[in-house]
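Trainee: Top line first, the protein sequences correspond to chains A and B. For reference, each letter of the first sequence is one residue, going 4 to 271 in our numbering. For reference, each letter of the second sequence is one residue, going 4 to 271 in our numbering. Glycine included, each C-beta is placed from N, C-alpha and C at the ideal position. Quick caveat: nothing in here was measured; it's all calculated off a predicted structure.
2 protein chains.
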Amino acid sequence: MHFLSESHLDGGLLERRFDLDQVPGILWTPALTASAPVPLILLGHPGDLHRMHPRLLDRARQATAQGFAAVAVELPGSGERPPIAALEQARADLRRAIAAGERPPADVVDRLVLPLVEQAAAEWRTCLDAALALPEIAGPVALSGGVIALGVRLALVEPRIVAAGLFAGSHVPRSILEEARRVTIPVHVLLQWDDRDNDRQAALDLFDAFGSAEKTLQANLGGHTGVPAYAAEDAARFFARHLRPVPYEGRTPRRSQCDTPQKSSTMP
Amino acid sequence: MHFLSESHLDGGLLERRFDLDQVPGILWTPALTASAPVPLILLGHPGDLHRMHPRLLDRARQATAQGFAAVAVELPGSGERPPIAALEQARADLRRAIAAGERPPADVVDRLVLPLVEQAAAEWRTCLDAALALPEIAGPVALSGGVIALGVRLALVEPRIVAAGLFAGSHVPRSILEEARRVTIPVHVLLQWDDRDNDRQAALDLFDAFGSAEKTLQANLGGHTGVPAYAAEDAARFFARHLRPVPYEGRTPRRSQCDTPQKSSTMP
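(1) Below 8 Å on the Cβ atoms is my contact criterion, and I expect Ala158 (chain A) with Val186 (chain A) to pass it. Report the Cβ-Cβ distance as a whole number of Å.
(2) Using a Cβ cut-off of 9 Å (strictly closer), state whether Ala234 (chain A) contacts chain B.
(3) Would you kindly check if the distance between the Cβ of Pro79 (chain A) and the Cβ of Leu119 (chain A) is under 9 Å?
(4) Check whether the Cβ of Ser147 (chain A) lies closer than 9 Å to any Cβ atom in chain B.
(5) Give every residue of the same chain whose Cβ lies closer than 6 Å to the Cβ of Phe170 (chain A), excluding the five residues on either side of it in the sequence, and list them in chain order.
(6) Using a beta-carbon distance below 9 Å, is Gln25 (chain A) in contact with chain B?
(7) Hey, quick one: how far does the alpha helix (DSSP H) through Ile101 (chain B) stretch, first residue to last?
(8) So what's Phe213 (chain A) in DSSP terms, helix, strand or just coil?
(9) Suppose the cutoff is 7 Å on Cβ atoms and the five residues either side in sequence are ignored; what does the same chain contact list for Trp127 (chain A) look like?
(10) Let me see if you follow: with CB-CB separation under 9 Å, is Gln221 (chain B) close to chain A or not?
(11) Counting contacts by CB-CB distance shorter than 9 Å, is Trp31 (chain A) in contact with chain B?
(12) Using a Cβ-Cβ cutoff of 7 Å, what residues of the stretch 125-153 of chain B are near chain A? List them in chain order.
(13) Taking the C-alpha atoms as reference points, what is the distance between Val26 (chain B) and Gly82 (chain B)?
(14) Grab me the residues of Leu135 (chain B)'s own chain with a C-beta within less than 8 Å of its C-beta, minus the 5 sequence neighbours each way, in chain order.
(15) Rounding to the nearest angstrom, what Cα-Cα distance links Glu105 (chain A) and Glu139 (chain A) in this structure?
(16) Can you list the alpha helix (DSSP H) stretches of 4 or more residues lying completely in the stretch 25-89 of chain B, in chain order?
(17) Beta carbon of Gly226 (chain A), beta carbon of Gln204 (chain A): below 9 Å?
(18) Straight-line CA distance for Gly172 (chain A) to Asn201 (chain A)?
(19) Looking only at its chain, what residues have a beta carbon closer than 6 Å to the beta carbon of Arg20 (chain A), apart from the 5 residues adjacent to it on each side?
(20) Spell out whether any CB of chain A is found under 9 Å from the CB atom of Ser10 (chain B).
(21) Alpha carbon to alpha carbon, what distance is there between Thr219 (chain B) and Glu217 (chain A)?
(22) Would DSSP call Gly14 (chain A) helix, strand or coil?
(23) Can you list, in chain order, the residues of the stretch 196-230 of chain B whose Cβ is nearer than 8 Å to any Cβ on chain A?
(24) So if DSSP puts Phe242 (chain A) in a beta bridge, which residue, or which two residues, is it bridged to?
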């Protein structure tokens, strides 16, 4: 993890851009790090860190306000990384099918998603190795959003990931649906009920498939980018429950109290 | 509202049983009432206040810990109220269909649910009149759970109800689905994904039907009575957002802070 730049942002947030074996990435940490190393949230995204930066930064602020570090790495073939001809072709085929009002053919989805999942899962695990080697980060690790098929794969194969918050907003190959049946970590799935880019029934089928003993689907009215603020808050509480099961005695005590169910003892 | 008994319970909770035109009910209020009158949550249930009391009390504790009053009234033909022959017959027909593994016939659901909704909606509105006439209660009012068809009707016809937290766990006549299209208040629907007593697709169709600009479906793994603690907490936050849009400066400040999104300013 070779750091390229370092910015101290509002709200006590340190943003560092890095290169890791020619994969660009961004790491966010609470600036005034507690003496103890912090858990980590892997921030997923649809590709192109530059374009996604404002939204990633919002999510990173939420993570660091909870006392967690956050990290994002570029997807293969996206942003400043060299394009991958086969992915470009599959993406064009997918767009053509959607523009024609067709259900995207399974082979097109497979050609687009499966190689991406294969390569990105390996790269994100390398990123985890590097991030967890830093003295200020210790784990456990949660996964948040991004290409949902990649989330399923990582939830299945990466034992350091203890919880996955997923966003139903992209296409899922049949083989990934089968992988979901073997996922056992807690999952929290956000579904935008009117997301045009998403097949609602496919999202419900994927949620049904997860083998996890704790799984929650939260569906909200609105399109792909219209996730309401309270849904983001509910997702943040999901991460807090699993990344820090005991109350956090760090810098943001109010927030961590919210994650502990308040019994009637709050009334004397 | 004729009070029959008064109990001071743990956690600073006053429980009063009452009779209102021969309908039994229970009112819960924070014992050390703030100077200002409080909002109210109407607690729905499937009938039989005696049997439901432990679970109702848990929900009432959550409401009063947030600084709200809560009230429940017995359903027509349930608990200590005189049985209603037509309802008993329809209920037996429904049980027979379910035991035979059949989808309950629409006319049986209509015979069971529609008269219940008609009578209960009138009685619950009378209860609202009486509760809001008490000096310690002012509204606004939220509805929480119970027979979902009754919830839809009340959400549509009772303007004092500003938000409805509904529990997908009972049968919905076609005409009630149509009423849902005209509901405009915010709704938060809990769905237990593996609820045997419930038709999952019917619950999704009902959620889809609501005309509300703010609607959330939260589905969790488990059966009818297996709602996880965090789902109850998320529902409580839904009520707090709509019953007290500004931060509550009363007796339970920690909890109300949880309902206000914490920006990065919590980190200096």
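Mentor: By the coordinates alone:
(1) 5 Å
(2) By this cut-off, Ala234 (chain A) is an interface position.
(3) When the beta-carbon positions are compared, Leu119 (chain A) and Pro79 (chain A) come within less than 9 Å of each other.
(4) Not an interface residue.
(5) Gly148, Leu193
(6) Interface residue (Cβ-Cβ distance to chain B less than 9 Å): Gln25 (chain A) is not classified as such.
(7) Counting along the chain, the unbroken alpha helix (DSSP H) around Ile101 (chain B) starts and ends at 88-102.
(8) coil
(9) Leu45, Val76, Leu157
(10) yes
(11) Not a single CB atom of chain B sits nearer than 9 Å to the CB of Trp31 (chain A).
(12) none
(13) 10 Å
(14) Take Leu135 (chain B), set aside five residues on each side of it, and the residues of its chain with a beta-carbon closer than 8 Å to its own are Leu43, Ala141, Gly142, Val144, Arg163, in chain order.
(15) 48 Å
(16) 52-68
(17) no
(18) 5 Å
(19) These residues qualify, in order along the chain: Leu7, Ser8, Ile29.
(20) no
(21) Using only the alpha carbons, I get a separation of about 19 Å.
(22) coil
(23) Trp196, Leu207, Phe210, Asp211, Ser215, Ala216, Glu217, Lys218, Thr219, Leu220, Gln221, Ala222, Asn223, Leu224
(24) Paired residues: none, contrary to the question.
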